[in-house]
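Structure record follows, encoded as structure tokens.
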Amino acid sequence: MGILIRLKDLRDEDMILEGELTPEELEMPHDDECVDMKENLHYYLTINRQGDDILVRGTLRTALDCVCVRCLKAFKMPLNIRFDDLLALEGEDKVEVKDDCIDLTYRVREDTLLAYPQHPLCEKGCDRLPNDPSHRVDYQKLGSDAEMRESSSAWNELDKLKLE
Ligand SMILES: [Zn+2]
734 MGILIRLKDL RDEDMILEGE LTPEELEMPH DDECVDMKEN LHYYLTINRQ
784 GDDILVRGTL RTALDCVCVR CLKAFKMPLN IRFDDLLALE GEDKVEVKDD
834 CIDLTYRVRE DTLLAYPQHP LCEKGCDRLP NDPSHRVDYQ KLGSDAEMRE
884 SSSAWNELDK LKLE
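The numbering used here numbers the first residue of the sequence shown as 734 and each following residue consecutively.
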């Protein structure tokens, strides 16, 4: 279904759009070993029309299922994202209007993905080792993936340096 702004519902006063989207509705990826979104995303958005522009402001909230890249402990990371977008109805950058509606789903998806942590840590500066007995995680399985991520991102950084 997604998040739709129906243009004919937009009057002078602010319009509130509030609800939840499942990860399936948002088509969130599930290919990251360390960050996954399994819970619904709650959105609360204020829509305000100013001439040919539509101002969308609000918050997106969910909790991510993360695995700490250091100690490999599984943990929940709350996400609280400020959403701020200006949609133009006219001009070169105008948004697509379909059946008198603007679909915000893709924009919300993109902002949520941008808020994903690159290297999730269970707590700031975590330096525990995966074999800490207080963590009951299948780290043998997760460990190689986490190490691969670490080294592949290091190589990416090197590639970037070479290009510059
Ligand atoms: Zn940790």
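Cβ coordinates follow ideal geometry from the N, Cα and C atoms, glycine included. Please read all numbers here as calculations on a predicted model, not as lab measurements.
- In chain order, Gly735, Ile736 place their CB closer than 6 Å to the CB of Thr838, counting only its own chain and leaving out the 5 sequence neighbours on each side.
- The Cβ neighbour count for Gly791, taken over all protein chains shown within 10 Å, is at least 16; the residue is labelled buried.
- For Val828, no pairing in a beta bridge is given by DSSP.
- If you keep only unbroken beta strand (DSSP E) runs of at least 3 residues inside the region 809-864, you get 834-836.
- For Pro850, the number of other beta carbons within 10 angstroms of its own is below 16, and it is reported as exposed.
- Within the chosen limit of 8 Å, ligand 1 does not reach the beta carbon of Cys767 with any heavy atom.
- Residue range 748-754 is occupied by the beta strand (DSSP E) that includes Met748.
- Within the DSSP secondary-structure output, Gly791 pairs in a beta bridge with Leu778, Phe816.
- Counting every other CB atom within 10 Å of its CB across the protein chains shown gives Leu847 a total below 16, marking it as exposed.
- By the rule of a C-beta closer than 7 Å to any heavy atom of ligand 1, the residues picked out are Cys801, Arg803, Cys804, Lys806, Leu854, Cys855, Glu856, Cys859, Arg861.
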